[in-house]
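Numbering (UniProt numbering), first residue to last: 1 to 963. Report on the following structure.
As structure tokens, then:
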């Protein structure tokens, strides 16, 4: 709840659903009883009521009368908690302390003089949380008397209470009158105390009372500061940081010496970290700071500590980049301790490419290569594979600006095509595809390695990319013959099945093979009748054959295209026409076998039309001998298009980098500085001067932009109840910058009597339990009340908020209830743009189980215009390259990706085609995700967005018709 009261909150408690939210009357009845258990339960209920915003009038008098005299230990502890959160300590009319607080003050004084040191210490600790100077002033002598108590537990809390009193703002009582000799008492305690916690508290009292005397004490004991206990050293570091940030730079050299001495003798990680953070603001010694951070990074085992240190190192790298380059290998060595995956990711992001130079790039790549070897030799694990994926990506980033380091690391990538998962193997093959175009000198080694690893590939997408690389970049006669042989070996003997197998699969009532009972299809070679399963062991050299036999005809079309390119190139480089014709006939046999397989009843589904047309086109090209133009297109144009795409992507990344740099705020030496107090006041009266001050304050605090926000709020205002009801309510829902759902509801009392205990309850449509409950108000006749609430939402319950109003009148025995109109929340307020690679998108698309398919219903006539319209509507950027959306083929397919503020992924695919007869767009929008509520809400938002365009077009056509 958004509390409008000025009372500070010093106690945070979870909401216990087991504790029923009782009324003040029930709590009073429990407190007045004699049963200890009932009294404890009533005290807990009263604390929960006060924390939830209930005023609970006259409850303090009941507590003082029936609870204060109790000697039970648990009741005494709960009593202190109650007094900490109680808000009726002062009279609302006069502002003075209520008479009951006199008894509370006497109770606290007696506790401060109690013979039990634990009671004294707990009471002193409670006094640190009080904010009433009038209540604390009579207790000061008792607090100071505890400074001489023999037990250190009492003395340290007495000093803590002194520190809290010194920090307390006293508008009615001057601070010096509460503890006038606080600095003297603190110095005396520092001189005689031996307890580390008590000495630390005494030093904090000295810092709060007098900065000058605290600095003088620190400088006088600078030689012995390394002998101080760790808490006192931390207090000294905080004092130096506070004083220096306040503008006192006169003693910077002395501060630096103290920090360096503490750093050299530091025994705890907290001291080292505090010294490093303070040195970054006090001294110009970035090397020492970086060395300290790196020492902490390698010595600490907590992942959260490592992440914080890495953030500090990133800040240091932005301001002292050239210095941090020298610590690049030290940063990488922090990976040796097998830290958490998030720590590894942050280290790699900090080093690559931020700290790469021509001097250290070879060492960095060598270290990353050793890490890859170590990961490949470890036991398979999901985190291990993801770390492998990050290492490959880091090597990729290193290779792009420094091509000379690619050669030594190319060979270690081949094994990942076999052992890695789809995402990391896809990164490897796409990386090789880009490198082989950018670095022609590595073409031969990449092609040779790919041919040697070809039979080890298992995934269809990896096969497609590898086949494309072989078809485009195998240029010499030896390479072409090896590539054709590798493909033929992976495909096996032709044709793919025998006629007898088709007859058996059609006529037999049972499956011809035992494996078909489990929805898997065995594959046999018809020519030799040898199964690709040999004695129950799968022949890994025929992975490509198994994928095609399983019905992957898209891969079959890719095989046909690759064989066509290789045969056409072989005809150019092979001097023997007989060998070239032999290779052409073998390629035609493979293509015809794939067409025969696709048209047969051996598989449960036939070949698709696109793949069939593609293979037929390859057959026609190989059969024709005079189509030189088509052969030129196949050998040159495809590769040139890919090169153009690589150049376009580089330009796009460079332009985006330049945009980011241009958006950064720059200050030039000749820019003018506007000092308001130095402005001339001639011609301006006092009112104009005050207006300028307010304008500056609004501009500084952001209030100058609230006009547009107010307009949006008025447009989103919803009437929640009818005008004839005794209580009128209206409100709106907003989502602030922290993505909290804020409900702003105005309640108007339309009756002629006062409404007591008026409160609101809120819940979401997906939950029957109350999500939040406002505090109780008293609304005068014809008066209004503004009520705000924060609703904790998730993607599963975003949509509708239901609410009710309860109130009491003087003539009614039970509270009256009014059900309000439901308020809607748009999922678009919770969506944030995100980016991902094409491989990551495919992986998430395959893993997302929730799917919704929508039919396109729009009046747009251009496919790309429609895609941009959906992108703006759902706040999900397009991850498909812009070059893939160019052209005028009438078909547009785009992938969108976004994340909700709750961390869930949202994926969408738009596939639209322009109809030839009506020029309208038809197609589907597919949405996928792992959270059903997110997917359904996105679907509803897209449906509503499309309907707006249709309604607008219909209104326009009707207007034109009437005209």
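Glycine is no exception: its CB is placed at the ideal position from the N, C-alpha and C atoms. As the structure is a prediction and not an experimental result, all values here were calculated from the model.
- With fewer than 16 other Cβ atoms inside 10 Å of its own Cβ, residue 585 counts as exposed.
- Contact annotation: residue 87 and residue 50 have beta-carbon atoms nearer than 8 Å.
- The criterion of a C-beta distance shorter than 8 Å is satisfied by residue 445 and residue 410.
- For residue 942 and residue 870, the gap between their C-alpha atoms comes out near 7 Å.
- Nearest neighbour of residue 566 by Cα position, chosen from 240, 359, 647, 477, turns out to be 477.
- In the displayed model, residue 762 falls within a strand according to three-state DSSP.
- Under the three-state reduction of DSSP, residue 321 is assigned to helix.
- Setting aside the 5 residues that flank it on each side, residue 482 is surrounded in the same chain by 451, each with a C-beta closer than 7 Å to its C-beta; the list follows chain order.
- Across the set 232, 181, 856, the C-alpha of 232 shows the shortest separation from the C-alpha of residue 204.
- The straight-line gap separating the alpha-carbon atoms of residue 144 and residue 266 is approximately 34 Å.
- Rounded to whole angstroms, the separation of the alpha carbons of residue 151 and residue 185 is 18 Å.
- Look at residue 872 here: in three-state DSSP terms it is helix.
- Apart from sequence neighbours up to five positions away, the residues of its chain that approach residue 112 with a beta-carbon distance below 8 Å are 120, 123, 124, 139, 142, 143, 145, 146, ordered along the chain.
- DSSP places residue 400 outside both helix and strand once states are collapsed to three, so it counts as coil.
- Residues of the same chain with a CB within less than 8 Å of the CB of residue 230, apart from the 5 flanking positions on each side, are 196, 267, 268, 270, 271 in chain order.
- Collapsing the DSSP output to three states places residue 62 in a helix.
- Listed in chain order, the alpha helix (DSSP H) runs fully inside the region 97-155 are 100-112, 117-127, 133-136, 140-145, counting runs of at least 4 residues.
- If you ignore the 5 residues before and after residue 757, its C-beta comes within less than 6 Å of the C-beta of 776, 808, all in its own chain and listed in chain order.
- Each of 872, 438, 290, 199 was checked against the Cα of residue 647, and the nearest Cα belongs to 438.
- Assignment of alpha helix (DSSP H) within the region 213-253, counting only whole runs of 4 or more residues, yields 230-245 in chain order.
- By the Cβ rule, the region 62-76 counts as touching the region 100-107, because three or more pairs are nearer than 8 Å.
- Going by DSSP, residue 800 is part of no alpha helix (DSSP H) but of the beta strand (DSSP E) stretching over 800-808.
- By the criterion of a C-beta distance shorter than 8 Å, residue 873 is surrounded in its chain by 828, 941, 942, 945, once the five residues flanking it on both sides are discounted.
- Residue pairing by DSSP places residue 786 opposite 746 in a beta bridge.
- Your pair residue 891 and residue 913 checks out as a contact, with CB atoms roughly 5 Å apart and the cut at 8 Å.
- In the DSSP annotation of this structure, the continuous segment of the alpha helix (DSSP H) that includes residue 614 starts and ends at 609-623.
- Per the DSSP secondary-structure output, residue 475 pairs with nothing in a beta bridge.
- If you ignore the 5 residues before and after residue 351, its C-beta comes within less than 7 Å of the C-beta of 328, 331, 332, 364, all in its own chain and listed in chain order.
- In the structure shown, residue 902 adopts coil according to DSSP, grouped into three states.
- Spanning the alpha carbons of residue 563 and residue 924 requires a straight line of approximately 34 Å.
- Residue 936 and residue 235 have their alpha carbons spaced roughly 54 Å apart.
- Taking residue 434 as the centre and dropping the five residues before and after it, the same chain places the C-beta of 646 closer than 7 Å to its C-beta, in chain order.
- By alpha-carbon distance to residue 832, the top candidate from 901, 641, 473 is 901.
- When secondary structure is reduced to three states using DSSP, residue 729 falls in the strand class.
- Annotation: the continuous beta strand (DSSP E) that includes residue 851 extends over 850-855.
- Under the DSSP assignment, residue 817 falls in the beta strand (DSSP E) whose first and last residues are 816-819.
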